[in-house]
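Peer 1: For the sequence shown, the working numbering assigns the number 328 to the initial residue and increments by one for each residue that follows.
For each residue, glycine too, the CB sits at the ideal point set by N, CA and C.
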Amino acid sequence: MGRDWISAAGAARLVTAAIGVVWATGAAGAEESFMRVYMDHARVLRLDRPVSKVIIGNAKVADATVADARTIVLTGRSFGTTNLVLLDVDGNAIVDERILVSIDEGNTVRVFRQTDRSVLSCTPNCEEHATNNGTGG
328 MGRDWISAAG
338 AARLVTAAIG
348 VVWATGAAGA
358 EESFMRVYMD
368 HARVLRLDRP
378 VSKVIIGNAK
388 VADATVADAR
398 TIVLTGRSFG
408 TTNLVLLDVD
418 GNAIVDERIL
428 VSIDEGNTVR
438 VFRQTDRSVL
448 SCTPNCEEHA
458 TNNGTGG
């Protein structure tokens, strides 16, 4: 029974590739488990049966408005994550989803000044959404 040997460099490449696959799979899985809503945008949810109760985990992150018994309008308020639970008249969950509120990356500009970074959302005018002070303060 022969043994296959691999060099240290080859082993390092295999470990790096395996970590990359696990990281990519984990990131894709995490992305799929969230319902994405952009900040200051609305998303319409059409339901197959009437909703009786609407519960948002953190109303500072997202808001849900009942348009009619089968239509909910979800609006992103602030960056972050929360959850949405919709119950029917019998108390059964129609929807139980995690929500990710983020900015529309297609319309952003990042400004770097040495170690400081600012993110501006430019639709239609540029407004600052986030600042990262590189000095830790």
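#1: Are the region 446 to 453 and the region 410 to 427 touching, with three or more C-beta to C-beta distances below 8 angstroms?
#2: Report the CB separation of Gly403 from Met366 in whole angstroms; it is logged as a contact under 8 angstroms.
#3: Assuming Thr442 is part of the beta strand (DSSP E), what are its boundary residues?
#4: So Leu401 and Leu372 are supposed to be a Cβ contact under 8 angstroms. How far apart are they, rounded?
#5: Using the three-state DSSP reduction, which class does Ala357 fall into: helix, strand or coil?
#6: Who does Ser405 pair with in a DSSP beta bridge?
#7: Enumerate in chain order the residues of its own chain whose CB-to-CB distance from Asn410 is below 6 angstroms, with the five nearest sequence positions on each side excluded.
#8: Bridge partners for Ser448 per DSSP, in chain order?
#9: Suppose you measure from the CA of Ala389 to the CA of Ser405; what does that come to, to the nearest Å?
#10: Rounded to whole angstroms, what is the Cα-Cα separation between Val438 and Asp375?
#11: What does the Cβ neighbour count give for Ala391, buried or exposed, with the cut at 16 atoms within 10 Å?
#12: Which residue from Cys453, Val412, Lys387 puts its Cα closest to that of Asp423?
#13: Any idea what DSSP makes of Asn410, helix, strand or coil?
Peer 2: On the basis of the coordinates in this document:
#1: no
#2: 5 angstroms
#3: Run containing Thr442: none; DSSP gives neither H nor E here.
#4: 6 angstroms
#5: The pLDDT assigned to Ala357 is 45, lower than 50, so where the model puts this residue is not dependable, and the model offers no usable value.
#6: Partner(s): none; Ser405 has no beta bridge.
#7: Gly384, Arg425
#8: Thr435, Glu454
#9: 7 angstroms
#10: 45 angstroms
#11: buried
#12: Val412
#13: strand
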